[in-house]
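4 protein chains.
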Amino acid sequence: MTASKSATPIPASRDAERTQAAILKAARDEFAEHGFAGGRVDRIAQRAGINKRLLYYYYGNKDDLFLTVLESTYGDIRAAEQMLHLDMLDPVDALRQLVSFTWNYHVDHPEFISLLGSENLLRASHLKESKKILEMNSPLIQMLDTVLERGRRQGIFRAGIDPVQLYISIASLCFFYLSNNYTLSAIFGRNLLMPKALAERLSHITDLVLGYAIL
Amino acid sequence: MTASKSATPIPASRDAERTQAAILKAARDEFAEHGFAGGRVDRIAQRAGINKRLLYYYYGNKDDLFLTVLESTYGDIRAAEQMLHLDMLDPVDALRQLVSFTWNYHVDHPEFISLLGSENLLRASHLKESKKILEMNSPLIQMLDTVLERGRRQGIFRAGIDPVQLYISIASLCFFYLSNNYTLSAIFGRNLLMPKALAERLSHITDLVLGYAIL
Amino acid sequence: MTASKSATPIPASRDAERTQAAILKAARDEFAEHGFAGGRVDRIAQRAGINKRLLYYYYGNKDDLFLTVLESTYGDIRAAEQMLHLDMLDPVDALRQLVSFTWNYHVDHPEFISLLGSENLLRASHLKESKKILEMNSPLIQMLDTVLERGRRQGIFRAGIDPVQLYISIASLCFFYLSNNYTLSAIFGRNLLMPKALAERLSHITDLVLGYAIL
Amino acid sequence: MTASKSATPIPASRDAERTQAAILKAARDEFAEHGFAGGRVDRIAQRAGINKRLLYYYYGNKDDLFLTVLESTYGDIRAAEQMLHLDMLDPVDALRQLVSFTWNYHVDHPEFISLLGSENLLRASHLKESKKILEMNSPLIQMLDTVLERGRRQGIFRAGIDPVQLYISIASLCFFYLSNNYTLSAIFGRNLLMPKALAERLSHITDLVLGYAIL
DNA sequence: TATGAATGAGAATTCATTCAT
DNA sequence: GATGAATGAATTCTCATTCAT
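Chains as they are written, first to last, in the numbering used here: chain A, 1 to 215; chain B, 1001 to 1215; chain C, 2001 to 2215; chain D, 3001 to 3215.
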């Protein structure tokens, strides 16, 4: 029994998968670099090393492709979030950990920032239509809620902190600094992306969040 | 507030200044609504009620027009900032005032958020070339520095707060919530722009900033 | 000579080579008729019976298309020059032959005159960038040099004739009469393109060149 | 009696004349540099330091302005030709003089070459409509005819030389070398406008014409 | 005589997308 | 599954020319 042919006839479909993955990666790069409106279908095909027609075959059109890119990008961050085990840490360390995870993820994934920025400029016109996105609930809100509750019970954290608000705030403090660093740099005339500046920023955000949460 | 002027596009009748202002206003609206790449020169001319050619006559090209829009937008916020008199208030009130001013300005000027977002997606390619922008220094950093120093001397505020970091943080907390509310809404399945939500957000930001600054 | 093909524009039906040839031919006609600045991309597409977009697909832009037209035009004359076998003839006949070939080629190819005239008005801005053009060396200079040398050795031709100067002179005498016949006609009030006038011109040029070369 | 005011009330009209002259000069430069199609009315006004509207006031439109430029350019060369006194010289010197005059005029007036080249590309569409141009007869044909006849009678020149043909030939030999030097340079890979090259060219043309005419 | 403001028609070029194989 | 050929509708920008003062 030759396993290769009878059991799993996937060679062709494996190629297909690889092609689709190549397109998706190319699209993500292209849209991250130029935004949705500035992204070029031609360039995506070129980057992926495939014929343009194939892109339409697999993804329908530019809008659908962009949505798929967004969904996969969210998928990535959700997967990374799963790796966080805030319940193993004491509340302060957990909060610190959440902040540094969020910061580092943003620093390491500029395409995430760019894609979200682009989609928001479009008033989430793509994501609004997505069913998948609602199913990809972030575990962070629940995690954060638990941490805050634990800290409060231990008398360390102040009461009444809304985990959604705090989560948004942490995201704000990380995202904005990086997304708007270009205009901020132009205005302040100082490079905000130097390693030292990045380290200082993380330190500041941590101080801010802990200073607020801790009684 | 006479309603007569707001609705119809101001007809450009041999009044160069008015025509230029009409074009600038139309461009700001168009770019705010669709971003730079998505903004259409044709539509700007239509909105301004002028011939497209005139737009090029006065502003050169789309890029230059966008830069002018950005500069004028910064001019507006700088003018508003001048009205703040934080030195008249005690440190805590001053900080509170700064936060609420920043928040309200962002809430009242969605075009500011949109234009900045768009320019950052372009890596500040327009602003980088601007000489004007560097001359339009924000008085806020200096104001904030003074406030922090006063609070520290009075033993109210913690020492060692970097005013630039804090200023960026306040801006982050305001800007991001509004700029990214579309995707946030899609994810949380809840409308972040309802009046109640906006009030809660301001309250949260204020708590966060004061909780951090106050010893 | 089947008349079937010449009149209607060749429809471009998924035959890339034919389409490209049709575009090139249409471009040559258009530019010959209206010059580079006066030539219209729209009209070229129409003449070629193809969609304008396709023209950009194959040739990049108007400038590159014009350069390609120039190169192909030079290619044509070079090919024709290859057919001359001056070495088979005695020196006087060879010179006579060179003159009549040059004259007839110019008479038969008004587009060559027009295209060169246009390019020279642009200070050869296209050709200067061409690598191909330098590789397409004319065999004529070498041929002429040999003929002149043979004639000199036979004691028929004068010594010290620069073949490049003479080649340029022959070209001048042919080209100018035809290129400038419009203004010359306007000034002299006489039609220079009548068959009789053309024959007289060739006769004059031949006399001039031989009268100079022959001792 | 103050002569300035009563007798000649031309100050205003003198300004007008100066303005018209400035426009004409600017137009000549512009068209010489960019050709008719490439010439810009805006730039002409700018070069002349006047308002565009004035240009239309004085010259009607772009086509009429170009025709005026052509006519004035012809006027200039006709005036220069008047200065030639070939009848004072012996036939050989007269011919030599005619050649060098023609050559030098072309070398010194590149705008003449450029403007004629441009107009011929347009099939003399402007000049054809000109009445003035026919009235500006060149004295050269008559002069040359006399010279040739004198030389023939003295037994120096060959018989049967058509003065119009020879005149066109002399013009060809001068004009083409300069008008087409750009493409010739690109093809030969050698600069044809160096002083030494120019001197050699004049020498060659003189040899050619005399070699032909002299028995 | 002189001018700044304004325009309609048209120019090159681009883009996402579909057709035919 | 995969591809090169082909397209219609826009998009930015330009130009000669005219209007109103």
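We put the beta carbon where it would ideally sit given N, CA and C, even for glycine. Remember, it's a predicted structure, so these values are computed and weren't measured experimentally.
Using a CB distance cut-off of 9 Å, D2063/C does not count as an interface residue toward chain D. If you look at F2066/C, you'll find it in the alpha helix (DSSP H) that goes K2062 to Q2082. Interface flag for R1158/B against chain A is set, since a Cβ pair is found closer than 9 Å. Close partners of H106/A in chain B (Cβ separation under 8 Å) are lacking, with about 11 Å as the shortest Cβ gap.
DSSP, reduced to helix, strand and coil, places I3214/D within a strand of the structure shown. Below 8 Å, enough C-beta pairs join the region 3113-3128 of chain D and the region 3030-3038 of chain D to call them touching: three or more.
Here the C-alpha atom of L3140/D lies approximately 24 Å from the C-alpha atom of A2171/C. Residues of the region 37-54 of chain A with a C-beta less than 8 Å from any C-beta of chain B: A37 and G38, listed in chain order. By the Cβ-count criterion, H3126/D is buried, with 16 or more other Cβ atoms from all chains shown falling within 10 Å of its own Cβ. For the options V3209/D, A3080/D and Y3177/D, the alpha carbon positioned closest to that of F3157/D is the one of V3209/D. In this structure I1050/B touches A1022/B by the C-beta definition: roughly 7 Å separates them, less than 8 Å. Against chain C, the beta carbon of R3123/D has neighbours under 8 Å at Y2182, listed in chain order.
Comparing C-alpha distances from L65/A to each of L89/A, G35/A, I77/A and L86/A shows the shortest one belongs to G35/A. According to DSSP, F3157/D shares a beta bridge with I3214/D. Considered as a whole, the region 106-185 of chain A harbours 110-121, 132-135, 140-153 and 163-179 as its complete alpha helix (DSSP H) runs of no fewer than 4 residues, in chain order. D1162/B reaches chain A at E200 and H204, counting residues in chain order whose Cβ is nearer than 8 Å. Residue contact with chain A for S1138/B: present (Cβ-Cβ distance below 9 Å to some residue of chain A). Straight-line spacing of the CA atoms in L134/A and G1189/B works out to 8 Å. Not one beta carbon of chain A lies nearer than 9 Å to the beta carbon of S1072/B. For the region 3016-3035 of chain D, the residues whose beta carbon sits under 9 Å from a beta carbon of chain C are, in order, H3034 and G3035. The beta carbon of E2071/C sits closer than 7 Å to those of S2130, K2132 and I2133, all from its chain and outside the five residues before and after it, given in chain order. In the structure shown, L2208/C adopts helical secondary structure according to DSSP, grouped into three states.
In this structure G2075/C is exposed. Its beta-carbon is surrounded by fewer than 16 other beta-carbon atoms within 10 angstroms. Using a C-beta cut-off of 8 Å, the region 93-113 of chain A makes no contact with the region 45-59 of chain A, since fewer than three inter-stretch Cβ pairs fall below that distance. When DSSP states are grouped into helix, strand and coil, M88/A belongs to the helix group.
Apart from the 5 residues on each side of it in sequence, L1202/B sits with its Cβ closer than 6 Å to the Cβ of W1103 in its chain, given in chain order. Here L2098/C is not near M2136/C, since their CB atoms are 9 Å or more apart. In this structure, the CA atom of M2088/C is about 12 Å from the CA atom of R2150/C.
In chain order, Y3212 make up the part of chain D whose C-beta sits under 8 Å from the C-beta of D2207/C. Between L1166/B and N1181/B, the C-beta spacing is not below 9 Å. Under the 10 Å beta carbon count, L1055/B is surrounded by 16 or more other beta carbons and is classified as buried. One alpha carbon belongs to K3025/D, the other to A2199/C, and they sit about 41 Å apart. Close CB contacts of I2077/C within its chain, under the 7 Å cut and outside five residues either way in sequence, are with Y2105 and F2112 (chain order). About 5 Å separates the CB atoms of A3037/D and G2038/C; that is less than 8 Å, so the two are in contact. If you compare the alpha carbons of R18/A, A16/A, F175/A and Y212/A with that of N1120/B, the shortest gap goes to F175/A. Judged by DSSP in its simplified three-state form, N2104/C adopts helix.
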